[in-house]
Structures are given as structure tokens and as C-alpha cells.
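Let me begin by presenting the structure, written as C-alpha cells, before commenting on it.
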Amino acid sequence: MVSEPNNSKKDDSDAWPQLMLAAQGGDAVAYQRLLREITPPLRTFLRARFFNREHIDDIVQEILLAIHAARHTYRPEQPFRNWMYGVARHKMIDYLRKYGRKTANEINDDELVTFMRDTANTPEEAMLGKDVKQALAQLPEKQREVLLMTRVEGLSMAEAGKKLGMTETAVKVTAHRATKKMKEWLLEYGY
Amino acid sequence: MSMDTDKLIASLGQDLKPVKPMAGAGTLAFILATLSLAATFGAIAIFTKGIRADWEVMFNEHVCQTAGIFFAGILAAYAAFRLSVPDTRIRNPVRAILALASFIWVLLIAGQIGAEPPEAGYRNCLTDFSLMFIIPFAAGIFMATRGAPVWYGWAGYALALSVGSFAALGMRFACPNEEPAHLLVWHYLPVVAFAIVGIGLGQILLKRKK
Numbered sequence: 000m001v002s003e004p005n006n007s008k009k010d011d012s013d014a015w016p017q018l019m020l021a022a023q024g025g026d027a028v029a030y031q032r033l034l035r036e037i038t039p040p041l042r043t044f045l046r047a048r049f050f051n052r053e054h055i056d057d058i059v060q061e062i063l064l065a066i067h068a069a070r071h072t073y074r075p076e077q078p079f080r081n082w083m084y085g086v087a088r089h090k091m092i093d094y095l096r097k098y099g100r101k102t103a104n105e106i107n108d109d110e111l112v113t114f115m116r117d118t119a120n121t122p123e124e125a126m127l128g129k130d131v132k133q134a135l136a137q138l139p140e141k142q143r144e145v146l147l148m149t150r151v152e153g154l155s156m157a158e159a160g161k162k163l164g165m166t167e168t169a170v171k172v173t174a175h176r177a178t179k180k181m182k183e184w185l186l187e188y189g190y
Numbered sequence: 000m001s002m003d004t005d006k007l008i009a010s011l012g013q014d015l016k017p018v019k020p021m022a023g024a025g026t027l028a029f030i031l032a033t034l035s036l037a038a039t040f041g042a043i044a045i046f047t048k049g050i051r052a053d054w055e056v057m058f059n060e061h062v063c064q065t066a067g068i069f070f071a072g073i074l075a076a077y078a079a080f081r082l083s084v085p086d087t088r089i090r091n092p093v094r095a096i097l098a099l100a101s102f103i104w105v106l107l108i109a110g111q112i113g114a115e116p117p118e119a120g121y122r123n124c125l126t127d128f129s130l131m132f133i134i135p136f137a138a139g140i141f142m143a144t145r146g147a148p149v150w151y152g153w154a155g156y157a158l159a160l161s162v163g164s165f166a167a168l169g170m171r172f173a174c175p176n177e178e179p180a181h182l183l184v185w186h187y188l189p190v191v192a193f194a195i196v197g198i199g200l201g202q203i204l205l206k207r208k209k
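Chains as they are written, first to last, in numbering that gives the first Met the number 0: chain A, 0 to 190; chain B, 0 to 209.
Okay, structure coming up:
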């Protein structure tokens, strides 16, 4: 399970709206402090969602550039984190569209497991596991059960089969079909 | 933090210039509505024979209809500008607002269905509608790109629905034909058609790199 980014730095994040307002006024020191403080939670956000670690630095930098370009759209009545993760999410999807399409069929099983264990969409949604629930809801009940048992709980095919009253081969076939459906959903959703 | 990211942050700090925060969605919707209505009635004055003589009668008889069109325009404009600011929490509220604006148009169109086909010879209405649409839509796109839209297609749809609504409102004051079938084909369905085209235009025009 991925924890909420920057949970332990609540005091720092409370200052972010003020820092951004100061940055809008041209305060470079406040702006640099803000960008330095938001970088670790952005990395955590990406690490929780993104599977290729090599890309994280690139995407973080793209997000920082996007935040810079869109800084005038932040308004104090809007929660800063929602605004920031709105930019981050958009840039992440944009990046995946740009560089991920050519490897669209190459989501591997480890990546799928990472996604399934991840409940962090935005930090606020992390506790709800909204995306994972949505993805799993696309699957028929049997496939969902097999996938959770074999990929998340870590049961072997034989153990899962025993629990579900299925043969090992049937579990393998069901897991394969479920994996394929989940991958299709991930691609459609822009992962 | 990697060195590259450190350097980037230092560079962004050095390049920092003061910016004026973008106006709120309500303010921008009000500006677009005012602009659209001004352009619409300007187009009526310049390109048509002016406001219909019996506009007061029409307005009194169809006050709910005209109010509905205006309300749909305002709602769609508000949704368009909410979609112009990044936010992880806007999807559902904006969907509801857009659904309401679209639902008003479904009701308006459903109210005209079943009428006899319109007489030929009213294609001018579509030309007038287009003239009332183009400038406010271009202005709306410009205003939206001053923000940072992330759902291009939906923002384009909302803008087109809004501007189309105001153009349709203008048409009610310009065209004296009250046949339900005429209203359906030449005044109301163009709003839907333009809104659908707006999805594609939004994806092209709002995606521009800054």
C-alpha cells in the first residue's frame, strides 16, 4: 500500500498557498522554497502511479515547468494541493501519451501489481483507492477474485484454485484473462 | 532531489516575474455572456433586419424558454472556465453543471419534436446563427487559453454550448418565425451541432503550447 505523499510534512504544505501567492507577486525566494518543498511529494505521487523509475525525474521537471507556466491560474480560494496534483496528473498522462503509446502493449505483470496495490490517485483519494476500485469493478467477479488472490494476496495458482473450487489450469486461464482486461483498462485510462 | 531538478528550480526562480492571478470562473462566465450578447445583438443590427417587431409578445409568451436558453448559456460558460484551471476535484461538479446545461437543450429540442417539417427558404437563419457564434467563440477560446485547460474536448464543448446558447437566444429576437419545426431545425439543432464541433475544436485550439 502506498502512503499519502507528504503526510508527515503537513506543516510545510500548509504554507504552500501563501508561498504561491508570494510567488505570483514575484517573490523568487518563496517560489524556490515552494518548488523545493513540492518536489518530494510529486516524486512520491509519481512513484505510486508510475512504473518506470527512469522517467520520474523527467516528469517531475515537466510538472514543475507546467506549474511555472500555469501559476497565474492558482487562486487562494482553491486548495493548493488539488491545483498542484491537477497539474501533475495532467502532465503525467500527457507524458505517458507522448512516450508511452509506442510501448502501449508492454505493461508487464509487475506494473499491473504495482497499480493494484496502489490506492493513491491523488493524496486525497489515496484512502479511498478510487482508481483501483474502478479498475477492478470492470472485471467479472470470478476474475476479480482470482486476480486479488494471486497478484495481491500472493497465493499460488493451486492455493487460489483450492479456495475458489477451481482447477489450477482454470485459475491460470482466468488470471490471464483478468490481467489482459486490466491492462486494457489501464491503457484506456491513460496510464 | 537530483541536480537537474535543483538547477531547474533555481532557473525558474531567477526567471520569475509577477503574474496577475486569473479571474474566477464566475467573472469570466459573466464576461463571456456579456460579450456574446453584445456580439449577437450587434450581428442582428448589422446583418439582419433588426430585432423583430413583436419581440415583446414573443418574450412574454416564451419567457421560460428564453430564460432556459440564457441559463444554459451561463452554466456552460461557467463550466468552460472551471475546466480552464487544473484541479483534481472539479470533474464531478463540472460534469453536473454541463449535464444540466445540456439537459435544458434536450428539453428545448424535445419540446419542438413532432412538428411538421419546416418550409424551405430559411437557410439565412443558419448563416445568421453562424455570424453570431464565430466571434464570441473565438473570444471564449482565447479567454480559456489564458488559463490552463486540461480537458480540452469538454472545455471546447462547454464553450460552444454557451456561445451557441446566446446565439440561439439572439435568433429568438431576430427571426419572427415561430413554427416549432423551424425553431428545431434552424435555431436549436445548430446549437447541438456546434457544441459537438466544439469538442474537436477544443482539442485542437486549447491544446496549443504556451
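Glycine residues also receive a C-beta, built at the ideal position from the N, C-alpha and C atoms. In this text the structure is predicted, and so the values were computed from the model without any measurement.
Residue-chain proximity (residue i, chain A), Cβ-Cβ < 8 Å
i               : result
G25 of chain B  : no
L31 of chain B  : no
Q202 of chain B : no
V93 of chain B  : no
M57 of chain B  : no
G199 of chain B : no
R88 of chain B  : yes
I8 of chain B   : yes
K48 of chain B  : no
Q13 of chain B  : yes
V18 of chain B  : yes
D127 of chain B : no
P85 of chain B  : yes
D53 of chain B  : no
Rounded C-alpha distance that separates residue i from residue j
i               : j               : result
Q111 of chain B : T65 of chain B  : 14 Å
L99 of chain B  : L74 of chain B  : 8 Å
A134 of chain A : A177 of chain A : 11 Å
Q137 of chain A : V151 of chain A : 17 Å
L33 of chain A  : F80 of chain B  : 26 Å
L82 of chain B  : G164 of chain A : 49 Å
G24 of chain A  : K16 of chain B  : 8 Å
E123 of chain A : V162 of chain B : Per-residue confidence for E123 of chain A stands at a pLDDT of 45, beneath the threshold of 50, marking its modelled position as unreliable; the derived number appears in the next sentence. Between E123 of chain A and V162 of chain B, the C-alpha separation is close to 35 Å.
G139 of chain B : L31 of chain B  : 6 Å
T173 of chain A : V145 of chain A : 7 Å
K97 of chain A  : K162 of chain A : 43 Å
L97 of chain B  : L106 of chain B : 14 Å
S10 of chain B  : N81 of chain A  : 25 Å
I151 of chain B : A78 of chain B  : The sequence given here has Tyr at residue 151 of chain B, not Ile. Distance between the alpha carbons of Y151 of chain B and A78 of chain B: 12 Å.
N91 of chain B  : T126 of chain B : 36 Å
G41 of chain B  : V62 of chain B  : 22 Å
M57 of chain B  : C124 of chain B : 17 Å
P179 of chain B : L200 of chain B : 30 Å
G72 of chain B  : A28 of chain B  : 9 Å
As assigned by DSSP and simplified to three states, the class of residue i
i               : result
E55 of chain B  : helix
H71 of chain A  : helix
A154 of chain B : helix
E61 of chain A  : helix
L27 of chain B  : helix
A22 of chain B  : coil
K6 of chain B   : helix
N123 of chain B : helix
M165 of chain A : coil
G139 of chain B : helix
D56 of chain A  : helix
E23 of chain A  : Per the sequence shown, residue 23 of chain A should be read as Gln rather than Glu. Q23 of chain A falls in the helix class under three-state DSSP.
R176 of chain A : helix
Where the alpha helix (DSSP H) containing residue i begins and where it ends
i               : result
I92 of chain A  : 79–94
V93 of chain B  : 90–109
E140 of chain A : 140–146
E177 of chain B : Per DSSP, E177 of chain B belongs to no alpha helix (DSSP H) and is neither H nor E.
P17 of chain B  : Segment: none, P17 of chain B is in no alpha helix (DSSP H) and carries neither H nor E.
A75 of chain B  : 62–81
A147 of chain B : Where A147 of chain B is concerned, there is no enclosing alpha helix (DSSP H), given that its DSSP letter is neither H nor E.
P189 of chain B : 188–204
8 Å Cβ cutoff, residue i in contact with chain B
i               : result
V172 of chain A : no
H67 of chain A  : yes
Q60 of chain A  : yes
A22 of chain A  : yes
R35 of chain A  : yes
A136 of chain A : no
T38 of chain A  : yes
H71 of chain A  : yes
Q31 of chain A  : yes
R74 of chain A  : yes
A27 of chain A  : yes
D56 of chain A  : yes
Partners in chain C for residue i, counting only beta-carbon separations shorter than 8 Å
i              : result
L63 of chain A : The structure shown contains no chain C; the protein chains it does contain are A and B.
*Could you run through the region 157–170 of chain A and flag, in chain order, every residue whose CB is less than 9 Å away from some CB of chain B?*
none
*Taking a Cβ distance cut-off of 7 Å, strictly less, list which residues of the region 76–95 of chain A are near chain B, in chain order.*
Q77, N81, W82, Y84, G85, V86, R88, H89
*Using a beta-carbon distance cut-off of less than 7 Å, what residues from the region 137–164 of chain B approach chain A?*
Result list: G146, A147, V149.
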